[in-house]
Amino acid sequence: MKTIDVIVAVLVVVGGLNWGLVGVFQFDLVAAIFGGQASVLSRIVYTLVGVCAVYQALTWRAIQRRWLVPA
Numbered sequence: 001m002k003t004i005d006v007i008v009a010v011l012v013v014v015g016g017l018n019w020g021l022v023g024v025f026q027f028d029l030v031a032a033i034f035g036g037q038a039s040v041l042s043r044i045v046y047t048l049v050g051v052c053a054v055y056q057a058l059t060w061r062a063i064q065r066r067w068l069v070p071a
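Residue numbers are given in our numbering: position 27 of the sequence shown equals residue 27, and the series is strictly consecutive.
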């Protein structure tokens, strides 16, 4: 499960950085890399980022427990 936690965290960070670029510079890095906002690959990335954000929002306590080392 920790591997999934790391993958999810990376995708959420990618999404956050992309939104930061959109907000500050009006530049969508995902769209630039994958051929536009409407391309299938871009939509897959956007969907994955959204699913990962929902996963983290709903399971943050379980994620925290997995990563805390017992004293």
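Glycine included, C-beta positions come from ideal geometry on N, C-alpha and C. Keep in mind that this is a model prediction, so the values were computed, not measured.
Exposure of residue i, with buried meaning 16 or more beta-carbon neighbours within 10 Å
i   : result
L68 : exposed
A31 : buried
V13 : exposed
V45 : buried
Supposed close pair residue i, residue j - CB separation, criterion 8 angstroms
i   : j   : result
V10 : Q56 : At roughly 11 angstroms, the Cβ-Cβ gap does not stay under 8 angstroms, so V10 and Q56 are not in contact.
L29 : G35 : That pair is no contact at about 12 angstroms.
R61 : M1  : The Cβ separation is near 13 angstroms, so there is no contact.
### Message
Does the structure place the stretch 12-27 close enough to the stretch 49-62 that three or more beta carbon pairs sit under 8 angstroms?
### Response
Counting Cβ pairs under 8 angstroms, three or more are found: they touch.
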